[in-house]
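Written below as structure tokens is the structure these notes are about.
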């Protein structure tokens, strides 16, 4: 009897171990050619295959390339499309049974440049991350692949970390935080002592009225910009409004208002935000970056987003920065943030060995 | 237990430690606006300390009988305008649009404030804005100076008030720290 119990326990252990240590599965969709020139169509599979191979070389995962993804989908009476609406991604990643689904598009630009835009969806997260890379089509293509692989490794391997570029000392920064005035002074002093110019974005009043509203501050976790975005998926197709002649004038007006509301604050949100950021350049004319830094309750850690005001672009994103050692010190956390902002990331060790 | 007490003492001290950073000195003779949120008699003491050190203090926050608490609470206006319960769990698709309203509002709010600060420079002729909040001796008083020509924070200080400190001595401490002159 004991023998059977042992074998059964061992079997369960092996199964559990397999699940715990199973490599994450990363599926690649097509990289759609949006140039309108069919001569570039062959790249729709070559690019994702290259990214998949480079990612597999750098990160301990199992990749599935587009043709294989299509095979998997066909078994479920689906097929791999060249474009997906965000709300379709949970269903597709579930059908492929992957941990990360990546797809995108490319556009050849003038002077032999190419713009590549990738969208990442992490299964079960309801979050999407989109980023853009531009480089020379022939001479720099391997560099582009490396850069994109690095972003993928950072995002997937470091829990949604993203660095488009370093934010070095000498930069002029404005901060939006959830801090009290004296805490804000403490953070300002660290930035000033580290060689940054601090623009009085939030610190130009006695106390910010929204800084202590956790709900509002958490909205800033999601940043949409033209080139790079971190957002959550909403599905407007689930929202139904029945209309008809029976609804009357009052309801018609309400529907019209709803449509405008959606148009301004969702569809055209980026246009409105870009207009405001454009004004930042004239009003806070010395501000290079807006840093949104939200600390936890005991100020021992923070999450960060950084927007390049000139390019109107999300350039830095970190989910959790905390300083090593004992003591919850806001200045230690800030120094750690500065250290991370200034340090370029590199591909994981696995790639370097090759 | 000893470790716990030491840790709490360490954290407590860390929270109350003094902080100072300075990019340029705001020297006597500079045209400044001082904003504080205290009663008028304390406000007068603060202004007097600056005036006695030859600062040109503009009557921005001191041109009437009222204090910020009495008349100027931007929070209330913003709550009326923006803090309605727009969020509705049954309409999850609206979440993003609602969040975007708040975000646009805050980006805009910071912009509007800066425009008000620009008026301080152009209409009042001020060079620097000095923000200050004074606390009792066991707490941390803080102050900050902003160069209104480029909106740069040029001086910050958190000062844990000492037992022997008075209102005047704290303000004098800030003035010395800010101007670099005794």
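Chains as they are written, first to last, in our numbering: chain D, 278 to 631; chain X, 25 to 206. Quick reminder that beta carbons are idealized off the backbone N, C-alpha and C, glycines included.
Practice problem: Would you mind reading off the limits of the alpha helix (DSSP H) that contains residue 224/D? | Solution: An answer regarding residue 224/D cannot be provided, because it is not within the stretch 278 to 631 covered by chain D.
Quiz item: So, does the CB of residue 466/D fall closer than 7 angstroms to a CB anywhere in chain X?
Solution: By 1-based counting over the first chain, the position of residue 466/D is 189. So, interface residue.
Quiz prompt | Rounded Cβ spacing between residue 176/X and residue 475/D (contact assumed at less than 8 angstroms) | solution = Position 152 of the second chain, counted from the first residue, corresponds to residue 176/X. Position 198 of the first chain, counted from the first residue, corresponds to residue 475/D. That pair is a contact at about 7 angstroms.
Quiz item: What are the residues that DSSP puts in a beta bridge with residue 579/D?
Solution: Here residue 579/D refers to the residue found at position 302 when the first chain is read from its first residue. Per DSSP, 572/D, 598/D.
Quiz item: Of all the beta strand (DSSP E) runs that stay within the bounds of the segment 285 to 363 of chain D, which reach a length of 3 or more residues?
Solution: 302 to 310, 339 to 341
Quiz item: What residues of chain B sit near residue 354/D, judged by a beta carbon separation below 8 angstroms?
Solution: Absent from the structure is chain B; the protein chains it does hold are D and X.
Practice problem: Measure the alpha-carbon distance for residue 261/D versus residue 481/D and round it to whole angstroms. | Solution: With chain D covering only 278 through 631, there is no way to say anything about residue 261/D.
Quiz item: Would you call the CB atoms of residue 364/D and residue 553/D closer than 7 angstroms?
Solution: Taking the first chain and counting its residues from 1, the one referred to as residue 364/D is at position 87. Taking the first chain and counting its residues from 1, the one referred to as residue 553/D is at position 276. Not a contact, by the Cβ cut-off of 7 angstroms.
Quiz item: From residue 62/X to residue 468/D, what does the alpha carbon distance come to, in whole angstroms?
Solution: Position 38 of the second chain holds residue 62/X. Position 191 of the first chain holds residue 468/D. Approximately 29 angstroms between the Cα atoms of the pair.
Quiz item: With residue 499/D and residue 486/D assumed to form a contact (beta carbons below 8 angstroms), what rounded beta-carbon distance in angstroms separates them?
Solution: Within the first chain, numbered from 1, the residue matching residue 499/D stands at position 222. Within the first chain, numbered from 1, the residue matching residue 486/D stands at position 209. Actually they do not touch by this definition, with Cβ atoms about 22 angstroms apart.
Quiz item: Which residue's Cα is closest to the Cα of residue 374/D: 382/D, 555/D, 345/D?
Solution: As a first step, residue 374/D must be located in the first chain, where it is residue number 97. Ranked by how close their Cα comes to the Cα of residue 374/D, the residues 382/D, 555/D, 345/D have 345/D in first place.
Practice problem: Mark residue 179/X as exposed unless 16 or more other C-beta atoms lie within 10 angstroms of its C-beta, in which case mark it buried. | Solution: Within the second chain, the letter at position 155 stands for residue 179/X. With 16 or more other Cβ atoms within 10 Å, it is buried.
Quiz item: What three-state label does DSSP hand residue 562/D in the structure shown?
Solution: Taking the first chain and counting its residues from 1, one reaches residue 562/D at position 285. Coil at residue 562/D, not helix or strand.
Practice problem: State the start and end residues of the unbroken beta strand (DSSP E) segment that holds residue 464/D. | Solution: As a working mapping, residue 464/D is identified with position 187 in the first chain. Premise fails: residue 464/D lies in the alpha helix (DSSP H), 458 to 470, not in any beta strand (DSSP E).
Quiz item: What does residue 633/D touch in chain X if you count any residue whose Cβ is under 9 angstroms from its own?
Solution: Here chain D has residues from 278 to 631 only, and residue 633/D is not among them.
Self-check item: Unbroken beta strand (DSSP E) run spanning residue 157/X, endpoints
Solution: On the second chain, position 133 is the one that residue 157/X refers to. Start and end: 152 to 157.
Exercise. Measure the alpha-carbon distance for residue 59/X versus residue 84/X and round it to whole angstroms.
Key: Translated into positions along the second chain, residue 59/X becomes position 35. Translated into positions along the second chain, residue 84/X becomes position 60. Residue 59/X and residue 84/X: Cα-Cα distance of roughly 8 angstroms.
Quiz item: With DSSP run on the structure shown, which of helix, strand or coil describes residue 75/X?
Solution: The residue labelled residue 75/X in the question sits at position 51 within the second chain. Helix, per DSSP.
Exercise. Compute the distance between the beta-carbons of residue 391/D and residue 385/D, then report whether it is under 7 angstroms.
Key: Position 114 of the first chain, counted from the start, is the residue given in the question as residue 391/D. Position 108 of the first chain, counted from the start, is the residue given in the question as residue 385/D. Result yes, Cβ atoms of residue 391/D and residue 385/D sit closer than 7 angstroms.
Self-check item: Buried/exposed call for residue 607/D, threshold 16 Cβ in 10 Å
Solution: Within the first chain, the letter at position 330 stands for residue 607/D. Residue 607/D comes out buried.
Quiz item: In the structure shown, what three-state DSSP assignment does residue 392/D receive?
Solution: Position 115 of the first chain, counting from 1, holds the residue named residue 392/D. Here residue 392/D sits in strand by DSSP.
Quiz item: Quick one: what's residue 484/D bridged to in DSSP?
Solution: Taking the first residue of the first chain as 1, we reach residue 484/D at position 207. DSSP lists no partner for residue 484/D.
Quiz item: Which residues of chain D have a Cβ atom closer than 9 angstroms to the Cβ of residue 68/X, listed in chain order?
Solution: Translated into positions along the second chain, residue 68/X becomes position 44. Going along chain D, no residue has its Cβ under 9 angstroms from residue 68/X, so there is no contact; the nearest lies around 18 angstroms.
Quiz item: Can you tell which of 473/D, 497/D, 459/D, 496/D has the C-alpha that lies nearest to the C-alpha of residue 484/D?
Solution: Position 207 of the first chain, counting from 1, holds the residue named residue 484/D. The shortest C-alpha separation from residue 484/D is found at 459/D.
Exercise. Please confirm if residue 78/X has its CB atom under 7 angstroms from at least one CB of chain D.
Key: Start at 1 with the first residue of the second chain, and residue 78/X comes out as number 54. Chain D contact via Cβ: absent.
Quiz item: Does the segment 121 to 131 of chain X come close enough to the segment 531 to 542 of chain D to have 3 or more Cβ pairs within less than 8 angstroms?
Solution: yes
Quiz prompt | Beta-bridge partners of residue 179/X, as assigned by DSSP | solution = Here residue 179/X is taken as the residue at index 155 of the second chain, counted from 1. Answer is 46/X, 169/X.
Quiz prompt | Assigned exposure category for residue 241/D - 16 Cβ within 10 Å defines buried | solution = Within the shown structure, residues of chain D are numbered from 278 to 631, placing residue 241/D beyond reach of any answer.
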